[in-house]
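Student:
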Amino acid sequence: MRPLPDWLNPEPWLNRNFSASDVASALGAESPDESTLAALLSPAAADFLEPMATRAQALTRRHFGRTIQLYVPLYLSSWCSGGCAYCGFAADRRTDRHALDFASVEKELNAIHAMGFEEILLLTGERSSQADLDYLRECVRLAARRFHNVAIEVFPMAETEYRSLTDAGCTSVTLYQETYHPETYDRMHRWGPKKDFVQRLDAPARALAGGLRFAGLGALLGLADPRYDMLALYRHVRHLQKTYWQAGLTVSFPRIRHEAGGFVPPHPVDEKMLAQIIFAFRICLPDVPLVLSTREGAAFRDGMAGIGVNKMSIASKTTVGGYITGGSRAPATTDGEAAVPPQKHESQFDVSDNRGLEEFCAMLRAKQLEPVFKNWDGVYRSSDSFPI
Amino acid sequence: MFLTVNGEKFEHRGDGTVPALLAELGATPEHTAVTVNGELVFSKDWKSFKFNDGDTVEVLTFVGGG
Amino acid sequence: MKHETGNLKLGGHEFKSRLILGTGKFSDTETMIKAIEASGTELVTVALRRFNREKPSDDLCAPLAKLKNIRLMPNTSGAMNAKEAVRAAQLGRELSGSPFVKVEIHPNPHHLMPDAIETYLAAKELAADGFIVLPYIPADPVLAKKLEDVGCAAVMPLGAAIGSGGGLSTVDMIRLIIRDSNIPVIVDAGLRAPSEAARAMEMGCDAVLVNSAIAAARNPVDMARAFALGVETGYAARQAGLMPKSDVAVATSPLTSFLK
Numbered sequence: 011m012r013p014l015p016d017w018l019n020p021e022p023w024l025n026r027n028f029s030a031s032d033v034a035s036a037l038g039a040e041s042p043d044e045s046t047l048a049a050l051l052s053p054a055a056a057d058f059l060e061p062m063a064t065r066a067q068a069l070t071r072r073h074f075g076r077t078i079q080l081y082v083p084l085y086l087s088s089w090c091s092g093g094c095a096y097c098g099f100a101a102d103r104r105t106d107r108h109a110l111d112f113a114s115v116e117k118e119l120n121a122i123h124a125m126g127f128e129e130i131l132l133l134t135g136e137r138s139s140q141a142d143l144d145y146l147r148e149c150v151r152l153a154a155r156r157f158h159n160v161a162i163e164v165f166p167m168a169e170t171e172y173r174s175l176t177d178a179g180c181t182s183v184t185l186y187q188e189t190y191h192p193e194t195y196d197r198m199h200r201w202g203p204k205k206d207f208v209q210r211l212d213a214p215a216r217a218l219a220g221g222l223r224f225a226g227l228g229a230l231l232g233l234a235d236p237r238y239d240m241l242a243l244y245r246h247v248r249h250l251q252k253t254y255w256q257a258g259l260t261v262s263f264p265r266i267r268h269e270a271g272g273f274v275p276p277h278p279v280d281e282k283m284l285a286q287i288i289f290a291f292r293i294c295l296p297d298v299p300l301v302l303s304t305r306e307g308a309a310f311r312d313g314m315a316g317i318g319v320n321k322m323s324i325a326s327k328t329t330v331g332g333y334i335t336g337g338s339r340a341p342a343t344t345d346g347e348a349a350v351p352p353q354k355h356e357s358q359f360d361v362s363d364n365r366g367l368e369e370f371c372a373m374l375r376a377k378q379l380e381p382v383f384k385n386w387d388g389v390y391r392s393s394d395s396f397p398i
Numbered sequence: 022m023f024l025t026v027n028g029e030k031f032e033h034r035g036d037g038t039v040p041a042l043l044a045e046l047g048a049t050p051e052h053t054a055v056t057v058n059g060e061l062v063f064s065k066d067w068k069s070f071k072f073n074d075g076d077t078v079e080v081l082t083f084v085g086g087g
Numbered sequence: 006m007k008h009e010t011g012n013l014k015l016g017g018h019e020f021k022s023r024l025i026l027g028t029g030k031f032s033d034t035e036t037m038i039k040a041i042e043a044s045g046t047e048l049v050t051v052a053l054r055r056f057n058r059e060k061p062s063d064d065l066c067a068p069l070a071k072l073k074n075i076r077l078m079p080n081t082s083g084a085m086n087a088k089e090a091v092r093a094a095q096l097g098r099e100l101s102g103s104p105f106v107k108v109e110i111h112p113n114p115h116h117l118m119p120d121a122i123e124t125y126l127a128a129k130e131l132a133a134d135g136f137i138v139l140p141y142i143p144a145d146p147v148l149a150k151k152l153e154d155v156g157c158a159a160v161m162p163l164g165a166a167i168g169s170g171g172g173l174s175t176v177d178m179i180r181l182i183i184r185d186s187n188i189p190v191i192v193d194a195g196l197r198a199p200s201e202a203a204r205a206m207e208m209g210c211d212a213v214l215v216n217s218a219i220a221a222a223r224n225p226v227d228m229a230r231a232f233a234l235g236v237e238t239g240y241a242a243r244q245a246g247l248m249p250k251s252d253v254a255v256a257t258s259p260l261t262s263f264l265k
């Protein structure tokens, strides 16, 4: 296994003993760095959640005011050629496979836009013949005519391919490394292009070089030691900030919560640890939006909104429906967004927070937070197909 | 010939080369740079270069600066 | 660059001293030379001016040539735009034989603030022409990255207006520049006290450039020595790792009760 590049390797900051006073000092750090993050992620910091939350809230208010940016995911296809051990959509798993045809895509986009959303996240699995680049590009084009911000969470691709999506109106890419631990990564990704650790690692940089304005990073909590992965994730963000200094970066915290289709996460992360991680990131990356999806429960999302987290997705039965799953049981997914089950679905564990937009916004306003749908204008894109 | 040197009219009585002018001015060749009509004359060209009557010459050196 | 140890590296050249000296405003050449020696600096800036037959003592070339281990960095002061700065740089290189240039363009003679646009244009052209470019700039994080992109060897954000002794008034912006820079960050202009130089180094600056604070001190030679100590102190402190501040304040209504 090749060693990690110097800019990424988290080893120098692991296995240090941090005391309570190290944590207290890290809380007030003016120029946070890896040591600050390591201290705030340490076991000692678990006793400091309240002061960490206070500092996280103050920094969130300073950089983002009381706004919470809202977006919605749209699953385009459940076809996947990949072999991720932790995902119910892996190619060898029995599950319904669908890809929305373009007419259905337009129908979904119109419905979502009518609800007031201005930012959409389009998702597919690993590259498949049913949902290949041409299909994706057309979906991006359709979305870009209606939404100011079009994000994709799909498969890694070449810079020229990202450029073609930029030209079609795409503004943002989300791609989680899953884990920055190469041995774990190799075990978890059983076959196919996703087995290539470096190709995935370098993909966000290729996307930014290919003209995309925003990149969302993350690691799937549960796969490997969370302190390792979160330190590496921080270093990945800092590296991109220094190299692609005109890009906007965001960080998400997808977490394996349940035994999804029999997969037991080797390093489960509970809510307290997740909160500690998010507070630590807010303190160490004060001006980077931190994202929490509907995979997390309502109570947790309500608690975290505005104290670190400033961007959240909404996914309800009325946005994406049985088009994807065709009414049958949706297998568990462990990507960033929860798959929304159709109305008839019994097990709701994929979407833990299935509140609709109105209800969610009411909750935010009750906490004196302001839902925001748009913070980027499509008129800045080079593609001239906006708005319709 | 008459030259404008550092903004002032100057009568050059030498052989029309840069070293000759610098000698007239009392400037050390190693410590001066010379432009003629706005163009830098490299020191390697000083032996061959010849002034023309009416040239505008700047003779520059280093002084203190931050 | 953060946590850089060892020598200051600029354009492939290495310097033990992280104090760069300006040579202006000294009352006489002898004091200037002694101050340079006392400071331990290995890089000094000079300006280009017309040779003055009446005041040959203004000429620094001869005295500077006698100093050992000093590199000259001509500046482009006097230039009002990129074109003039490029010409001044070429003259400077011809005269000094040194590839170093401090791009300095301040069209307003009152506040002497650098012209960001002309500086960028000049720096871009000079870097392409093989100069080791150190641009003097407003403390602007975006400008700093753009200059890095076009090949500058370092960026030199001002601490305060030239000669003002205003100190590190731009500290927050300098912090942002340091955070994302891949090239050395050198605070230039406005420093008044060695403690400010130490503070700049503690913050993460790679070097400081000082002129007025030394030249206008009551005893410039001793002040040069003091600045050398200040820079060394600040750098050593940063390498040693400052004890962090403790600043814990807790909200009156708990924010994390939802986690219980």
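Going line by line, the protein sequences match chains A, B and C. Sequential numbering of the first sequence, starting at 11, is according to my numbering. Sequential numbering of the second sequence, starting at 22, is according to my numbering. Sequential numbering of the third sequence, starting at 6, is according to my numbering. Positions of the beta carbon are idealized from the N, C-alpha and C atoms, including for glycine.
1) Show which residues of chain C have a CB atom less than 7 Å away from the CB atom of Gly86/B.
2) Going by DSSP in three states, Cys149/A sits in which element: helix, strand or coil?
3) For Leu218/A and Leu250/A, which I take to be in contact (beta-carbon distance under 8 Å), what is that distance rounded to the nearest angstrom?
4) Looking at chain C, which residues of the region 25 to 50 of chain B have a Cβ within less than 8 Å of any of its Cβ atoms?
5) Looking at C-alpha atoms only, which residue of Val208/A, Leu374/A and Phe58/A is the closest neighbour of Arg6/A?
6) Could you name the residues of chain B that Ile167/C contacts, counting a contact when the two beta carbons are closer than 8 Å?
7) Can you list the beta strand (DSSP E) stretches of 3 or more residues lying completely in the region 57 to 132 of chain C, in chain order?
8) Does the beta-carbon distance from Pro199/C to Gly170/C come in below 8 Å?
9) Please tell me whether Asp211/C has its Cβ less than 8 Å away from any Cβ of chain A.
10) According to DSSP, is Gln79/A helix, strand or coil?
11) Taking 8 Å as the CB-CB limit, is Ala67/C close to chain B?
12) Contact criterion: CB-CB distance below 8 Å. Does Thr64/A meet it with respect to chain C?
13) Using only the alpha-carbon positions, how far apart do Leu247/C and Ser174/C sit?
14) Mark Ala233/C as exposed unless 16 or more other C-beta atoms lie within 10 angstroms of its C-beta, in which case mark it buried.
15) In this structure, does DSSP put Asn364/A in helix, strand or coil?
16) Compare the Cα-Cα distances from Glu369/A to each of Val389/A, Ile324/A and Asn385/A and report the closest residue.
17) Anyone know if the C-beta pair for Phe289/A and Ala63/A falls short of 8 Å?
18) First and last residue of the beta strand (DSSP E) that includes Thr184/A?
19) If we define contact as Cβ-Cβ less than 8 Å, is Lys150/C a contact residue for chain A?
20) Could you have a look at Lys14/C and say whether DSSP puts it in helix, strand or coil?
21) Determine the direct distance from the alpha carbon of Leu72/C to that of Pro1/C, and round the result to whole angstroms.
22) Tyr195/A lies in the alpha helix (DSSP H); which residues open and close that run?
23) With DSSP as the reference, label Lys30/C as helix, strand or coil.
24) Starting from the beta carbon of Gly309/A, find every residue of chain C whose beta carbon is closer than 9 Å, and list them in chain order.
25) According to DSSP, Arg55/C sits in a beta bridge with which residue or residues?
26) For Thr82/B and chain C, any beta-carbon pair shorter than 8 Å?
27) Thr50/C bridges to which residues according to DSSP?
28) Is the CB-CB distance between Val261/A and Val301/A below 8 Å?
29) So the candidates are Ile266/A, Arg248/A and Leu379/A; which of them puts its Cα closest to the Cα of Trp17/A?
30) Is Gly332/A helix, strand or coil when you go by DSSP?
31) Quick check: is the beta carbon of Asp185/C nearer than 8 Å to any beta carbon in chain B?
32) Strictly below 7 Å CB to CB, what residues from chain A border Leu260/C?
33) Decide if the region 59 to 66 of chain B is in contact with the region 188 to 206 of chain C; the criterion is three or more beta carbon pairs, one per stretch, under 8 Å apart.
34) Between Arg23/C and Leu15/C, which are expected to be in contact by the criterion C-beta below 8 Å, what is the C-beta distance as a whole number of angstroms?
35) Give the DSSP bridge partners of Val33/A, in chain order.
36) Under 8 Å, Cβ to Cβ, is there at least one residue of chain C near Gly366/A?
Tutor: Inspection of the coordinates gives the following:
1) Correct list: Gly27, Thr28, Gly29, Thr50, Val51, Ala52, Asn80 and Ser82.
2) When DSSP states are grouped into helix, strand and coil, Cys149/A belongs to the helix group.
3) Under the criterion of beta carbons closer than 8 Å, Leu218/A and Leu250/A qualify as touching, at roughly 7 Å.
4) Within the region 25 to 50 of chain B, Asn27, Gly28, Leu46, Gly47, Ala48 and Thr49 place their CB atoms closer than 8 Å to a CB of chain C, listed in sequence order.
5) This structure does not reach residue 6/A, given that chain A is present from 11 up to 398, and the question cannot be answered.
6) Within chain B, the residues near Ile167/C are Gly87.
7) 76 to 79 and 105 to 108, all fully within the region 57 to 132 of chain C.
8) Gly170/C sits away from Pro199/C, with the two beta carbons spaced by 8 Å or more.
9) The Cβ of Asp211/C sits no closer than 8 Å to any Cβ of chain A.
10) Assignment of Gln79/A by DSSP, reduced to helix, strand and coil, places it in the strand class.
11) Closer than 8 Å to some Cβ of chain B, the Cβ of Ala67/C qualifies, so yes.
12) By this cut-off, Thr64/A is an interface position.
13) C-alpha separation (whole angstroms): 22 Å.
14) With 16 or more other CB atoms across the displayed protein chains lying within 10 angstroms of its CB, Ala233/C is buried.
15) Coil at Asn364/A, not helix or strand.
16) Its Cα nearest to that of Glu369/A, the residue Ile324/A stands out among Val389/A, Ile324/A and Asn385/A.
17) Yes, they are a contact pair.
18) Ser182 to Thr184 is the extent of the beta strand (DSSP E) around Thr184/A.
19) Under the Cβ distance rule, Lys150/C counts among the residues neighbouring chain A, one pair being separated by less than 8 Å.
20) Correct three-state label for Lys14/C: strand.
21) Here chain C comprises residues numbered 6 to 265, so residue 1/C is not present and cannot be evaluated.
22) Its alpha helix (DSSP H) spans residues Pro192 to Met198.
23) It is coil, neither helix nor strand.
24) The sequence given here has Ala at residue 309/A, not Gly. Per Cβ cutoff of 9 Å: Phe263.
25) Bridge partners of Arg55/C: Leu81/B.
26) With 8 Å as the cut-off, Thr82/B counts as an interface residue toward chain C.
27) Thr50/C is bridged to Gly27/C and Met78/C.
28) Here Val261/A is near Val301/A, since their CB atoms are less than 8 Å apart.
29) Each of Ile266/A, Arg248/A and Leu379/A was checked against the Cα of Trp17/A, and the nearest Cα belongs to Arg248/A.
30) The predicted model places Gly332/A with a pLDDT of 37, which falls under 50 and marks its position as unreliable, so this point remains unresolved.
31) False, the Cβ-Cβ gap to chain B never drops below 8 Å.
32) Ordered by position in chain A, the residues that pass the 7 Å Cβ test against Leu260/C are Glu60, Ala63, Thr64, Gln67 and Ile317.
33) With the rule of 3 Cβ pairs closer than 8 Å, the region 59 to 66 of chain B does not count as touching the region 188 to 206 of chain C.
34) Their Cβ separation, rounded to whole angstroms, is 11 Å, which puts Arg23/C and Leu15/C out of contact at 8 Å.
35) Val33/A has no beta-bridge partner at all, per DSSP.
36) No, no contact with chain C.
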